[in-house]
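Take 63 as the starting number for the sequence shown in my numbering and just add one per residue.
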Amino acid sequence: MIHPKKIAKLFAAAVLATSSLAAAHAGEARSINNWQDPYGLTWMNGDNKLCWQDNFWTPATASSEACGLPVVAKAEPAPAPAPAPAAAPAPAPAPAPAPVPVSEKVTYNADAFFQFNKAVLLPAGKEKLDDLAGKIKAINLEVVIATGYTDSFGSVAYNQKLSVRRAEAVKAYLVSQGVPADKIYVEGKG
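The structure is reproduced here in structure tokens:
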């Protein structure tokens, strides 16, 4: 006696076998889906205007003959691109970027420059300004700001005038050392 389980297994095997054959047939890459004889000639009707087509036929897979479709002239293949021209010589390297201007703030102790309540430079102050003038001559100078200060003694108006006189004394000395006068600005802070 045949068991139902054996019948189910045989049926499943048969289904798998036929489905795998169908999948293999569907996966075939056929370039022409017209019926052909064993020699590869396409079957045509009696007046050679129509082709016999199989069930996978589409206009894209029709044979090269007319087969009832309008004859399309094949375009000539595009000419090969011209060889690339020889590489141009390498451009000259870009010039080095200009140095970035650097500002430097120089501060000196006023005690070395002036006596109390005076606007006349002391010898020690002149030495420091000589050093500063030498450094200024070696650079591309944009501006010097000479700022004069005083102490807390005296009135605000008097200290303001004294601080401006001290800054002007520094400017006059730097100009005497060769620093351009139009590059030096003075201000008093009182």
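All C-beta atoms in this analysis are idealised placements derived from N, C-alpha and C, irrespective of residue type, glycine included.
Residues near residue i by beta carbon distance below 6 Å, same chain, minus five either side
| i | result |
| --- | --- |
| T221 | In the sequence on display, residue 221 carries Asn and not Thr. For N221, where only same-chain residues beyond five positions count, the Cβ hits under 6 Å are T212, G252. |
| Q239 | A195 |
| G187 | A174, F175 |
Nearest residue (CA-CA) to residue i, options the options
| i | options | result |
| --- | --- | --- |
| N179 | V168, G210, K68, A195 | G210 |
| V253 | S214, N117, Y247 | This structure cannot speak to residue 253, because the chain is shown only from 63 to 252. |
| K197 | E166, K223, A160 | E166 |
| R228 | L184, I201, F215, V241 | L184 |
| L224 | A200, F176, W105 | F176 |
| I201 | E189, A219, V241 | V241 |
Backbone secondary structure at residue i - three-state DSSP
| i | result |
| --- | --- |
| A142 | coil |
| E249 | strand |
| N117 | coil |
| N221 | helix |
| I207 | strand |
| L236 | helix |
| L194 | helix |
| A86 | Reliability of the predicted coordinates at A86 is poor, the pLDDT of 49 falling under 50, and no value is obtained from them. |
| K68 | helix |
Nearest-angstrom Cβ-Cβ length linking residue i and residue j, presumed shorter than 8 Å
| i | j | result |
| --- | --- | --- |
| A231 | V182 | 7 Å |
| K233 | L203 | Not quite, the Cβ-Cβ distance comes to about 14 Å (not below 8 Å), so this is no contact. |
Cβ neighbours of residue i in the same chain (closer than 7 Å, five flanking residues each side left out)
| i | result |
| --- | --- |
| S217 | none |
| G108 | none |
| E249 | I207, T209, A229 |
| W20 | A question about residue 20 goes unanswered here, because the residues of the chain that appear run from 63 up to 252. |
Beta-carbon proximity list for residue i, same chain, < 8 Å, skipping 5 on both sides
| i | result |
| --- | --- |
| D236 | At residue 236 the sequence reads Leu, which differs from the Asp that was named. For L236, where only same-chain residues beyond five positions count, the Cβ hits under 8 Å are L191, L194, A195, I198, V206, A208, I246. |
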